[in-house]
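There are 2 protein chains.
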Amino acid sequence: MRDVYIIGVGMTRFGKFPDRGLKSLTQEAVDQALKHSGVEKDKLEVASVGNAYAGIATGQESIRGQVVLRAMGIGGLPVYNIENACASSASAFMVTWMDIALGLHDIGLVLGMEKMYLEDRDKRLSLFSASMDQDIIEAFKQMAKASAESAAKKSGAKGKGGKRSLFMDVYAMATRWHMEKYGTTQRQLAAISAKNHQNSALNPYSQYQEPMTIEEVLSAPEVSYPLTRPMCAPVGDGAAAAILCSGQTLKKIGVSKPVKVRAAIQASGRDRGMDDPDIGEIVADKAYEMAGLDPEDIDLAEVHDATAFGELRALENMKFCPVGDGGPFSEAGNTSLGGKIPVNPSGGLESKGHPVGATGVAQITEIVWQLRGEAEKRQVEGARIGLTENGGGNIGLEEAAMVVTILERI
Amino acid sequence: MRDVYIIGVGMTRFGKFPDRGLKSLTQEAVDQALKHSGVEKDKLEVASVGNAYAGIATGQESIRGQVVLRAMGIGGLPVYNIENACASSASAFMVTWMDIALGLHDIGLVLGMEKMYLEDRDKRLSLFSASMDQDIIEAFKQMAKASAESAAKKSGAKGKGGKRSLFMDVYAMATRWHMEKYGTTQRQLAAISAKNHQNSALNPYSQYQEPMTIEEVLSAPEVSYPLTRPMCAPVGDGAAAAILCSGQTLKKIGVSKPVKVRAAIQASGRDRGMDDPDIGEIVADKAYEMAGLDPEDIDLAEVHDATAFGELRALENMKFCPVGDGGPFSEAGNTSLGGKIPVNPSGGLESKGHPVGATGVAQITEIVWQLRGEAEKRQVEGARIGLTENGGGNIGLEEAAMVVTILERI
Chain Z
26 MRDVYIIGVG MTRFGKFPDR GLKSLTQEAV DQALKHSGVE KDKLEVASVG NAYAGIATGQ
86 ESIRGQVVLR AMGIGGLPVY NIENACASSA SAFMVTWMDI ALGLHDIGLV LGMEKMYLED
146 RDKRLSLFSA SMDQDIIEAF KQMAKASAES AAKKSGAKGK GGKRSLFMDV YAMATRWHME
206 KYGTTQRQLA AISAKNHQNS ALNPYSQYQE PMTIEEVLSA PEVSYPLTRP MCAPVGDGAA
266 AAILCSGQTL KKIGVSKPVK VRAAIQASGR DRGMDDPDIG EIVADKAYEM AGLDPEDIDL
326 AEVHDATAFG ELRALENMKF CPVGDGGPFS EAGNTSLGGK IPVNPSGGLE SKGHPVGATG
386 VAQITEIVWQ LRGEAEKRQV EGARIGLTEN GGGNIGLEEA AMVVTILERI
Chain W
26 MRDVYIIGVG MTRFGKFPDR GLKSLTQEAV DQALKHSGVE KDKLEVASVG NAYAGIATGQ
86 ESIRGQVVLR AMGIGGLPVY NIENACASSA SAFMVTWMDI ALGLHDIGLV LGMEKMYLED
146 RDKRLSLFSA SMDQDIIEAF KQMAKASAES AAKKSGAKGK GGKRSLFMDV YAMATRWHME
206 KYGTTQRQLA AISAKNHQNS ALNPYSQYQE PMTIEEVLSA PEVSYPLTRP MCAPVGDGAA
266 AAILCSGQTL KKIGVSKPVK VRAAIQASGR DRGMDDPDIG EIVADKAYEM AGLDPEDIDL
326 AEVHDATAFG ELRALENMKF CPVGDGGPFS EAGNTSLGGK IPVNPSGGLE SKGHPVGATG
386 VAQITEIVWQ LRGEAEKRQV EGARIGLTEN GGGNIGLEEA AMVVTILERI
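Line by line, the protein sequences give chains Z and W.
FYI, my numbering numbers position 165 of the first sequence as 190, with every residue one higher than the one before it.
FYI, my numbering numbers position 196 of the second sequence as 221, with every residue one higher than the one before it.
Below you can see the structure in the form of structure tokens.
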């Protein structure tokens, strides 16, 4: 297996861009990544493109990647269109990485993209449903809704008006299970969220750039108990891109500050008992084994905080703290900038935003910037090794897909 | 790069199955492939799933593979959902092949699946449109329609009633270009189609199992001049599966009659002039180079005859005959069973059927059966090396994706 390096990254700001399509967003991200790498677009030899919802959002299925790449004058190379819900572009990263590691090609592109901010609100909400099994989704919705309403009643929180978000109800169920089992508190979750909104205020690429306090997070409108709105990733648009190359190419073109892929692991969830090991934990163990590293070696991480609970659980799964301790570990400031292990310095999905097909590569983009010392006001000092964790979709009790990468500045 | 072997294949019959969903179709194909290989489902370590239209047809986007695999009790392994229009499952084959060749895993699944026979005819026709750039499709439709109507007028053929099929109009344009440039005749195209319908009558997995003569093909209703209905692939449903493994595993489990992957190459089309080399030709050259083989070494092939012209062009691109000679070469019987190089012994897309996401793996399935001597009435005697060519979607003048594999019985 050949070593593979990331030599350039780029992304659009995440946000709501009703006047921009996927071609415009991807062009910006790819241009930036090419410029960052010093590689010309005609040197690209393979491309993988992650996207989840263009079929529903725009009618463009089947050749989503070729269509946007052609618009920027890129063609004639292998293109893999990869779907894995919110883990689409980290899964796409796996494919370009495999291709180069195997020696098929020397320089490749990974692109993640999503348009989610549709004018039609019903259609917007319907996007997420596509990331669950369509045959059982109605029963699942009813179950999650009943559970959320019962929890809201018990907690005394005001009942939620309007349409329920299925994914947030499902996340909330898992959160309540953790609260019950380990004594995790709503305030601990709010601490995670406030930290991310504070980081995000330092990130010019973030959808939200206003810092929030724990009190503000707690007093925000409830989405599904115990999750309030700032604890949940918003709907948005965006694209992110990375340029990968082999070690031979690295030497030939003399790239500065390359980042080596120490590990890249993907797995799908499976049916399991609530107390069985999480797929995230299993994937993390494999990633540490592949990298020959321990959790203590990781200097910073970008994890999949589609809700604040997603980050809490990831801290445990990635073994940054013992299982059950994610709440107190966060509240004590360990994951803040300047803490023991800064997590989501970008602001995370909650505040940087979560255009789902773009998220995996955007996480990698942030880690690469951090490892190269290019993260400006949110720079983690001395960062050398970073980790990304990107989950997607829902199968049984867990993510339908989970990808962990470990990256090292050499 | 490690050697990779195909140790089992399976498929459903292709056809119109209004009462069966993707879960039912895929279960049948995967069960058959597992049984063929002697491998139990819990030994699978990685899976790639090709599909083009489930998002539009059923609303299931994002985690299409996980959903059908979970229904058959398969989970916890990496799952890649791959889209590349009609080349979706050959592209999925590339990914599982890369994974095993790289040494990430030892036993993997490739699955292709499609439900296209929808009750709603308008929705059925809309499927194909998703395989072109949505931003320019209306202009493209008008251009193809105008060209088809002008050709029909000149040829004296009766004007076609009802909705036009965009893809068939585009194929017909390319066919007319070849007729004009090389003197190819409609009768030569009909010879290709009649040969495929004759082969298909020997294949219990085919959608159509009635032999047709050249005269019958010529006198059938016109779809878009010069293409008549039997020269065009029908709409249908189906699934196909293959089990791949590493050389080490092959020795360990003692599989009989394994088929070695000698080459697997994918590339996307690009903007080019009408007389520039076809992407199919470029991919074929690379495949022969990877395999260290010449076109003369190929004993039989399954190629992408979405129309009879698709096969004609593939014969030239794969270098089975000189460029321009595809018509006379076919009419002389070289590609028939018992001919110089049997092509589409299965009946091809025209007659075996073309549930698009299933087609690439179905081609591989036929080649594996043939190389193992299991093709019964349509067996190519002494077949040792076979080739598949699977194209998909449309970008500029050519396929958005093209995959060629070369397989050898060892």
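The C-beta atom is built at its ideal place from N, Cα and C for all residues, glycine as well.
Closest Cα partner of residue i within the set the options
| i | options | result |
| --- | --- | --- |
| Z/TRP202 | Z/SER172, Z/ILE125, Z/ASN228 | Z/SER172 |
| W/GLU139 | W/MET299, W/HIS379, W/GLU375 | W/HIS379 |
| W/MET315 | W/HIS329, W/ILE307, W/GLY335, W/ALA288 | W/ALA288 |
| W/ASP131 | W/LEU94, W/VAL29, W/GLN91, W/TYR207 | W/VAL29 |
| W/GLY44 | W/GLY137, W/MET141, W/ALA331 | Correcting the residue type first, residue 44 of chain W is Asp in the shown sequence and not Gly. Of W/GLY137, W/MET141, W/ALA331, the residue nearest in Cα terms is W/MET141. |
| Z/ILE99 | Z/GLY84, Z/LYS48, Z/GLU144, Z/MET193 | Z/LYS48 |
| W/LEU243 | W/ASN106, W/ARG212, W/ILE323, W/GLY261 | W/ARG212 |
| W/VAL104 | W/ALA72, W/VAL135, W/SER218, W/SER114 | W/ALA72 |
| Z/ALA155 | Z/MET168, Z/GLU414, Z/LEU191, Z/ALA226 | Z/LEU191 |
| W/GLN57 | W/ALA265, W/GLU423, W/ALA199 | W/ALA265 |
| Z/SER62 | Z/GLN404, Z/ILE366, Z/SER281, Z/LYS178 | Z/SER281 |
| Z/GLN91 | W/PRO353, W/GLY298, W/ASP322, W/SER293 | W/SER293 |
| W/VAL74 | W/LYS68, W/VAL64, W/LYS206, W/LEU136 | W/LEU136 |
| W/ALA110 | W/GLY364, W/VAL405, W/THR384 | W/THR384 |
| Z/GLY324 | Z/ALA339, Z/ALA331, Z/MET343, Z/LYS365 | Note that residue 324 of chain Z corresponds to Asp in the displayed sequence, not to Gly. Nearest of Z/ALA339, Z/ALA331, Z/MET343, Z/LYS365 to Z/ASP324, Cα basis: Z/LYS365. |
| Z/PRO259 | Z/GLN234, Z/GLY358, Z/THR209 | Z/GLN234 |
| W/VAL248 | W/ASN415, W/THR200, W/MET36 | W/THR200 |
Contacts around residue i, its chain only, beta-carbon distance under 6 Å, and the 5 residues preceding and following it disregarded
| i | result |
| --- | --- |
| W/ILE31 | ALA267, LEU269, VAL284, VAL393 |
| W/GLU86 | GLY80 |
| W/ARG434 | VAL284, LEU396, ARG409 |
| W/SER180 | TYR250 |
| Z/ALA333 | LEU214, ILE217, SER218, MET256 |
| Z/GLY407 | none |
| Z/THR430 | ALA289, THR413 |
| W/ARG38 | TYR230 |
| W/ALA326 | VAL368, LEU412 |
| W/SER271 | ARG27, ILE125, ASP131 |
Residues bridged to residue i (per DSSP)
| i | result |
| --- | --- |
| W/TYR262 | Note that residue 262 of chain W is Asp in the sequence shown, not Tyr. DSSP output for W/ASP262 lists W/GLY40 as bridge partner(s). |
| W/GLN291 | W/VAL428 |
| W/GLY378 | For W/GLY378, which the question treats as bridged, DSSP gives no partner whatsoever. |
| Z/CYS257 | Z/THR332 |
| Z/ARG434 | Z/VAL284 |
| W/TYR30 | W/CYS270, W/LYS285 |
| Z/MET138 | Z/ALA264 |
| Z/GLY35 | Z/ALA266 |
| W/ALA72 | W/VAL104, W/LEU134 |
| Z/ALA326 | Z/VAL368, Z/LEU412 |
| W/SER249 | W/LEU252 |
Residue i to residue j span [Cα, whole Å]
| i | j | result |
| --- | --- | --- |
| W/TYR230 | W/SER376 | 10 Å |
| Z/VAL34 | Z/GLY279 | 17 Å |
| W/LEU129 | Z/LYS402 | 39 Å |
| Z/HIS329 | W/PHE118 | 29 Å |
| Z/ASP158 | Z/ASN369 | 30 Å |
| Z/LYS276 | W/GLU306 | 32 Å |
| Z/LYS166 | Z/SER151 | 12 Å |
| W/GLU174 | W/GLN273 | 58 Å |
| W/ALA400 | W/THR390 | 10 Å |
| Z/GLU341 | Z/ASP296 | 20 Å |
| W/VAL386 | Z/MET123 | 21 Å |
| Z/ASP310 | W/ARG95 | 23 Å |
| W/ASP147 | Z/SER355 | 54 Å |
| W/ALA126 | W/MET26 | 5 Å |
| Z/LYS220 | Z/ARG89 | 36 Å |
| W/THR238 | W/GLY373 | 16 Å |
| Z/ASN224 | Z/LYS41 | 20 Å |
| W/LEU143 | Z/PHE153 | 24 Å |
Contacts around residue i, its chain only, beta-carbon distance under 7 Å, and the 5 residues preceding and following it disregarded
| i | result |
| --- | --- |
| Z/ASN419 | SER156, MET157, VAL195, ALA425 |
| W/LYS170 | ARG189, ASP194 |
Nonlocal neighbours in the same chain, by C-beta distance under 8 Å from residue i, ignoring five residues either side
| i | result |
| --- | --- |
| W/LYS66 | VAL55, LEU59, MET97, GLY98, ILE99 |
Margin query: Please give the ranges of any alpha helix (DSSP H) in the region 78–132 of chain W, keeping only runs that are unbroken, at least 4 residues long and fully inside the region.
Written below: 79–83, 89–96, 113–127
Check: Which runs of the beta strand (DSSP E), 3 residues or longer, sit entirely within the region 376–426 of chain Z?
Finding: 410–417
Notebook entry, point to check: Curious, which full-length alpha helix (DSSP H) runs of at least 4 residues does the region 165–232 of chain W contain?
Noted result: 191–207, 211–225
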